[in-house]
Structures are given as structure tokens and as C-alpha cells.
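A.B. asks: My questions will all concern the structure given below.
Residue numbers (the working numbering): 2 to 207.
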């Protein structure tokens, strides 16, 4: 388990990378978190969600981390998640995978909601290229099959490509729903509108 802390003017960001099951009780005790929410954050294949408790806004979002060339059709194989625990003066992120985009440098005066939404936008950005690539690949294979080349390998590849495309769209649709459920202090940020606009791009709606 790797823990990184960054201190800003109005809050602290604690990033916890690759915790194992044995770390859960320590994390719960050290940071005042709900044990079952932490279990959710480490559960393989968990879809985006939002939950509000007495003191915490809890989110799970996913980022694309795979390759469309691989024959995979499970959300947990194609993407990895980050769980966000947002207090008034503390942001905790928990994830198994390493994400380079978390090595961001922000001004000390940034607000906690702004940093949270900044990370969500970076996660969302990871879906743009694979979504376009999958759409193009589907068109290419279907065009080849239309021209009477029905090789089994093409049909198998088309199955996996379409499955991946369907899964990515499902994740993005749920992400949009989660963002719409979030409370007003998140929706009032201009970054929230940027994320909403991104999710409505034709690229993601095809």
C-alpha cells in the first residue's frame, strides 16, 4: 500500500494506492471511513456510484486502462476505478491501479470540489480515444463482412469489439447519471459543466 499526502490551503488530499484486504481496517480507523464503502471501492468490476452519508460524499468512477486489441468483454478488464471520500476538509482517493494523471500539480488555493472534479475529468478523458477507435473498428469489420468475407476470426473480433463498445457506453451513461445525482455544491462548479458537456459529445453517444 502506498499513501501520498498533499496539503492545500483549505483541505488535505490523501491518495491510497493498491491497498490489500488486510489494510482495510487500518484505513477505516485512521481516516474515519465506513468499512463497507471501502470494500465497495476495492470490489472488482464495481460500476460508478454516488452515496452521501452524514459527513462524507462517496463516489466511484472508472478510467479506461486497457487496449481495444485485446479479446476482453468485462468492465473490470477494460477499466479501473478510483473511489473518492470527500469530507469538508479532506479528500481521500483509494484505488488498486496506478494512474499517471494523479501526479497533478494544482495551486494551493484550489478548492476540494474543484480538485475532485478535475480528477473526474481526467478519468473521463481516458475514454475518448478508445471510444473513437472502437467505433472505427466496428465500421471497418462490418464493411469487410458486407463484402462477403465471413471468416470466423472476423466475426469473433467483431463480437469482442462490439462488446467493448457497449460496455464503455454503459460506464459513461452511468457516470452521467452519478454526476446528476451529486449534490449542489458539486453541480455549481464550472468543471461540473465541462464534464456534463464532455459526456454529451457525439463521440460518446454513437
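Ideal Cβ positions, reconstructed from N, Cα and C, are used throughout, including at glycine.
Bear in mind that the values here come from a model prediction, so they are computed numbers and not experimental data.
(1) Check residue 13 in the structure and name its three-state DSSP category.
(2) What's the gap between the Cα of residue 24 and the Cα of residue 90?
(3) Using three-state DSSP, classify residue 206 as helix, strand or coil.
(4) Considering Cα atoms alone, identify which of 83, 167, 63 is closest to residue 93.
(5) Residue 14 and residue 22 look like a contact to me (Cβ under 8 Å); what is the Cβ gap, rounded to whole Å?
(6) Count the other CB atoms, across all protein chains shown, that sit within 10 Å of the CB of residue 178; report buried if there are 16 or more and exposed otherwise.
(7) Would you mind giving the Cβ-Cβ distance between residue 175 and residue 20, rounded to the nearest angstrom? I have them listed as a contact below 8 Å.
(8) If you drop the 5 nearest sequence neighbours on each side, which residues of the same chain put their C-beta closer than 6 Å to that of residue 30?
(9) Would you decide whether residue 166 is buried or exposed? Buried here means 16 or more other CB atoms lie within 10 Å of its CB.
(10) Taking the alpha-carbon positions, what's the residue 87 to residue 161 distance?
(11) Identify, in the order they occur along the chain, each residue of the same chain with its Cβ nearer than 7 Å to the Cβ of residue 158, setting aside the five sequence neighbours on each side.
(12) Leaving out five residues on either side along the sequence, give the residues of the same chain with a beta carbon under 6 Å from the beta carbon of residue 67.
(13) How big is the Cα-Cα spacing for residue 117 and residue 5?
(14) Taking buried to mean at least 16 other C-beta atoms within 10 Å of its own C-beta, is residue 138 buried or exposed?
(15) Going by Cα to Cα distance, which pick from 2, 109, 164, 58 is closest to residue 10?
(16) Quick one: give me the first and last residue of the beta strand (DSSP E) that residue 87 is part of.
(17) From 100, 38, 122, pick the residue whose C-alpha is nearest to that of residue 196; which is it?
(18) Counting only runs of 4+ residues fully inside the stretch 98-159, write out the alpha helix (DSSP H) ranges in chain order.
(19) Exposed or buried, what is residue 65 when buried is set at 16 or more other beta-carbons lying within 10 Å of its beta-carbon?
C.D. replies: Working from what's here:
(1) strand
(2) The alpha-carbon of residue 24 is positioned some 23 Å away from that of residue 90.
(3) For residue 206, the predicted model reports a pLDDT of 47, less than 50, meaning its position is unreliable; a value from the coordinates is still stated below. DSSP places residue 206 in helix when its eight states are reduced to three.
(4) 83
(5) Not a contact, Cβ separation roughly 24 Å.
(6) The C-beta of residue 178 has fewer than 16 other C-beta atoms within 10 Å across all chains shown, which makes the residue exposed.
(7) The Cβ separation is near 24 Å, so there is no contact.
(8) Excluding positions up to five away in sequence, the list is empty.
(9) buried
(10) 37 Å
(11) 142
(12) 79
(13) Looking at the two C-alpha atoms, the distance is approximately 16 Å.
(14) So residue 138 counts as buried.
(15) 109 is the residue among 2, 109, 164, 58 whose C-alpha sits nearest the C-alpha of residue 10.
(16) 80-87
(17) 122
(18) With a minimum length of 4 residues, the unbroken runs of alpha helix (DSSP H) contained wholly in the stretch 98-159 fall at 113-126, 129-147.
(19) buried
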